[in-house]
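So the protein lines, in turn, are chains A and B. Reading the first sequence from the start, the letters are residues 15 to 371 in this note's numbering. Reading the second sequence from the start, the letters are residues 15 to 371 in this note's numbering. Beta carbons are placed, not taken as given, at the ideal position from N, Cα and C, and that holds for glycine.
2 protein chains.
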Amino acid sequence: MNPLSLVRPCVAATEGYVPGEQPSDDQPVLKLNTNENPFAPPPVVMQALHDAINDTLRLYPEPTSRSVRQAAAAAFQLDADHVVVGNGSDDLLTMLMRTFIAPGDGVAAPDPSYTLYATLTRLQDGVFHAVPWQETLDLPIEPLLATGAKLMMIARPNAPTGHAVPLQQVSQLCTATSAIVVLDEAYADFADDNGLPLLSHHHNLVILRSFSKSLSLAGLRIGLGFLSAALAEQMHKVRDSYNLDRLAQVAAVAALQNLEQFQPAVQAIRTERHFLTLELRRRGFQVADSQANFVLATVPAGRRGGQEWCSDLKTLNILVRYFGHDPRLADKLRITVATHTEMLQLLAGIDRLLESN
Amino acid sequence: MNPLSLVRPCVAATEGYVPGEQPSDDQPVLKLNTNENPFAPPPVVMQALHDAINDTLRLYPEPTSRSVRQAAAAAFQLDADHVVVGNGSDDLLTMLMRTFIAPGDGVAAPDPSYTLYATLTRLQDGVFHAVPWQETLDLPIEPLLATGAKLMMIARPNAPTGHAVPLQQVSQLCTATSAIVVLDEAYADFADDNGLPLLSHHHNLVILRSFSKSLSLAGLRIGLGFLSAALAEQMHKVRDSYNLDRLAQVAAVAALQNLEQFQPAVQAIRTERHFLTLELRRRGFQVADSQANFVLATVPAGRRGGQEWCSDLKTLNILVRYFGHDPRLADKLRITVATHTEMLQLLAGIDRLLESN
Chain A
15 MNPLSLVRPC
25 VAATEGYVPG
35 EQPSDDQPVL
45 KLNTNENPFA
55 PPPVVMQALH
65 DAINDTLRLY
75 PEPTSRSVRQ
85 AAAAAFQLDA
95 DHVVVGNGSD
105 DLLTMLMRTF
115 IAPGDGVAAP
125 DPSYTLYATL
135 TRLQDGVFHA
145 VPWQETLDLP
155 IEPLLATGAK
165 LMMIARPNAP
175 TGHAVPLQQV
185 SQLCTATSAI
195 VVLDEAYADF
205 ADDNGLPLLS
215 HHHNLVILRS
225 FSKSLSLAGL
235 RIGLGFLSAA
245 LAEQMHKVRD
255 SYNLDRLAQV
265 AAVAALQNLE
275 QFQPAVQAIR
285 TERHFLTLEL
295 RRRGFQVADS
305 QANFVLATVP
315 AGRRGGQEWC
325 SDLKTLNILV
335 RYFGHDPRLA
345 DKLRITVATH
355 TEMLQLLAGI
365 DRLLESN
Chain B
15 MNPLSLVRPC
25 VAATEGYVPG
35 EQPSDDQPVL
45 KLNTNENPFA
55 PPPVVMQALH
65 DAINDTLRLY
75 PEPTSRSVRQ
85 AAAAAFQLDA
95 DHVVVGNGSD
105 DLLTMLMRTF
115 IAPGDGVAAP
125 DPSYTLYATL
135 TRLQDGVFHA
145 VPWQETLDLP
155 IEPLLATGAK
165 LMMIARPNAP
175 TGHAVPLQQV
185 SQLCTATSAI
195 VVLDEAYADF
205 ADDNGLPLLS
215 HHHNLVILRS
225 FSKSLSLAGL
235 RIGLGFLSAA
245 LAEQMHKVRD
255 SYNLDRLAQV
265 AAVAALQNLE
275 QFQPAVQAIR
285 TERHFLTLEL
295 RRRGFQVADS
305 QANFVLATVP
315 AGRRGGQEWC
325 SDLKTLNILV
335 RYFGHDPRLA
345 DKLRITVATH
355 TEMLQLLAGI
365 DRLLESN
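Quick look at the structure:
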């Protein structure tokens, strides 16, 4: 008997999630495809890491990342029991699926959004409900409720659209449903507001944060989940016993204790986001205002569609993200906002392609 | 509605895995409870880590840990496609569960063994079959087959018994079953032989290795899975897209490229294992020969049972592991083998307790 026949049908039938291209570090590319921060983490984080490289690496880390939960509690004014730490916020998404989703259970999300939600649902043998955003990009509350899903995933700001639904709509959804509402705030630090103030009002609300965007630590895999202590206790059961290594814990604490040091980079990115939006519009792209560290740009009419723009930019060593599997996104590029120099480099590349058209 | 009612019954009904106590680093304890290596990783690993603390931490790691798979392939003479890297080997155990176990599916293991197998099975809504070891501690092949399990977990050397079943019996099991046989070799480097030579003969065999024991890197969470390329492809789907962070990848590569530098520590531990075994026997403990970096010791007859020994040693700042939930282990302690100085410290503590009896 072929051992492959033992693979769960839901796994065998699902394509794995395909992350954006990660070129090797020595390739000279302008990397605008996976929304990393163009600025290095501040020296205080680097120093904490150097200091942690010692004999204690032979010992297991603290299982629950207690120091990280305590630092997060202090930074965000909540109790450490309301924090679960993930090996990246994707790890927290998997924990949510494993905690709540049995075969056939529903997971719903406005669509388009982060495609990992659908992949993780299918791997868990759940049923994914893609609920189109309203034309106004408001939260489709009634259609979400109609799915009967146990988990509702709201990315805010949303990827790849970059918009942030009004918090009041999130609150409305939490009140209207008995499902778990997951507010995925990976990009929240680039937005005008965030959902933390809602947490104490809704016991069915889970908020996720990532250290991979505003905190410049994508390489270390750190995510936070904020939720009720009772739900946290359940999540801890499915959490890998030692899911965050010692160095990631140290970096997370250093970052949380020095959040103000990340502000200049966040401000610079917001400034560049405005600059990039205007400059792309001047070149014939349609770009909606973004609340994240990327913009979604509809390419100008012409011989190049989204795919051609993506591949032609790649010939210039510029990587952007193209989601061609979704027809609604076929004429769009998702472009990470980076430094001013890098934005100028991107615009020069675009100009070169426009001229060669 | 209480959001807790949405938790999967299999999760709600399962106690989470309780790892051994991890005291904070500043507590002056002799830590012999979770089988860590008493020796620090070699300087080449430390230097590689220092060198990796740079701007690239802002970037995602290579998703599949390619450099680690390649270094493992070179070190163990197999193809990189046959390697899956885990955030610790526990992460690989979870991936195996998620790949193969649907609700009601069986997982079997000789008993007693690593208790996480049962916990992970229950969290996945599977059915765990604890199959008692034969009295000779041989592999209970027929009873394992009779369970009809899809996954069979064989820890070799086994925890907490410390024995390694003959490889030929593992091979027999692989031939006799169409289930996936997982040979968990977390402690293999301390044993006289290992199962790697079996890999090319059995397409249903998965071998797991850990960097937390012989390779002194418990703090960085690294595990390897060796298996057929076809099964690896399925496991990658359920693997978190970026499950190993940049620093763990760097440390793993440095360790794999310098395996010979870990040999002196492994040899020292084997020597101390012999010393500890004899010295414990001289004090009235029953200790079977161990192939791992711990011994399982039956406490001498007297007023102290296993639990009292464990707690009395703790008052002397000596941590050992006690598995009192299992009546067969109620009179036993699992003690990590460490440096000669530490073993003398342990024996002095034991002598003190014996005198005070």
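- Considering only beta carbons, the part of the stretch 234 to 247 of chain B lying closer than 8 Å to chain A consists of L234, R235, S242, A244, L245, in chain order.
- Only exposed fits B/L292, as fewer than 16 other CB atoms lie within 10 angstroms of its CB.
- Contact note: B/T129 does not reach chain A at a C-beta cutoff of 8 Å; the least C-beta distance is about 11 Å.
- Beta-bridge partners assigned by DSSP to B/R335: B/R348.
- Two segments are said to touch when three or more pairs of C-beta atoms, one from each, lie closer than 8 Å; by this definition the stretch 150 to 164 of chain A does not touch the stretch 58 to 77 of chain A.
- In this chain, the alpha helix (DSSP H) harbouring B/G320 covers 320 to 329.
- Annotated three-state conformation of B/I194 is strand, per DSSP.
- Interface residue (Cβ-Cβ distance to chain A less than 8 Å): B/S103 is not classified as such.
- In the three-state reduction of the DSSP assignment, B/A306 falls in the coil class.
- Only exposed fits A/Q182, as fewer than 16 other CB atoms lie within 10 angstroms of its CB.
- Rounded to the nearest whole angstrom, the CA to CA distance from A/Q84 to A/D198 is 21 Å.
- In the three-state reduction of the DSSP assignment, A/T285 falls in the helix class.
- Within the same chain, I155, L159 come within 7 Å of A/A190 by CB-CB distance, once the 5 residues on both sides are set aside.
- Contact residues of the stretch 184 to 218 of chain B toward chain A are S192, A193, I194, H217, N218 (C-beta to C-beta distance below 8 Å).
- In summary, B/P23 is exposed, with fewer than 16 beta-carbon neighbours lying within 10 Å of its beta-carbon over all protein chains present.
- Within the stretch 251 to 272 of chain B, those residues whose Cβ lies closer than 7 Å to any Cβ of chain A are, in chain order, K251, V252, D254, S255, Y256, N257, D259, R260, L261, A262.
- Listed along the chain, the chain A residues whose CB falls inside 8 Å of the CB of B/Q36 are L73, Y74, P75, E76, P77.
- K164, L165: these are the residues of the stretch 141 to 168 of chain A whose beta carbon lies less than 9 Å from some beta carbon of chain B, given in chain order.
- Of all residues in the stretch 22 to 34 of chain A, the ones placed with a Cβ closer than 9 Å to any Cβ belonging to chain B are R22, P23, C24, V25, A26, T28, E29, G30, Y31, V32, P33, G34, in chain order.
- In the DSSP assignment, B/V97 falls within the beta strand (DSSP E) that extends over 97 to 100.
- Taking a beta-carbon distance threshold of 8 Å, B/S325 does not count as an interface residue toward chain A.
- For B/F240, DSSP records a beta bridge to B/V97, B/I221.
- Contacts with chain A at 8 Å (Cβ-Cβ) do not include B/E356.
- Going by beta carbons, B/E50 and B/T350 fall inside the 8 Å limit.
- Boundaries cannot be given for A/A27, as no alpha helix (DSSP H) includes it and DSSP labels it neither H nor E.
- Contact annotation: B/G233 and A/D259 have beta-carbon atoms nearer than 8 Å.
- Between A/D69 and chain B, the shortest Cβ-Cβ separation is below 8 Å.
- The beta carbon of A/N331 is closer than 7 Å to those of P42, V43, L44 in its chain, skipping five residues each way along the sequence.
- The continuous stretches of beta strand (DSSP E) do not include B/D105, which lies in the alpha helix (DSSP H) extending over residues 103 to 114.
- Here B/S38 is exposed, its C-beta having fewer than 16 other C-beta atoms within 10 Å.
- In the DSSP assignment, A/P124 falls within the unbroken beta strand (DSSP E) covering 120 to 125.
- Per DSSP, B/F142 is one residue of the beta strand (DSSP E) stretching across 141 to 146.
- Pairing B/S230 with B/T48, the inter-Cα distance amounts to about 12 Å.
- Residue pairing of A/L213 in beta bridges, as defined by DSSP: absent, with no partner found.
- Pairing B/Q248 with B/T113 gives a Cβ-Cβ distance under 8 Å.
- Judged by DSSP in its simplified three-state form, A/A269 adopts helix.
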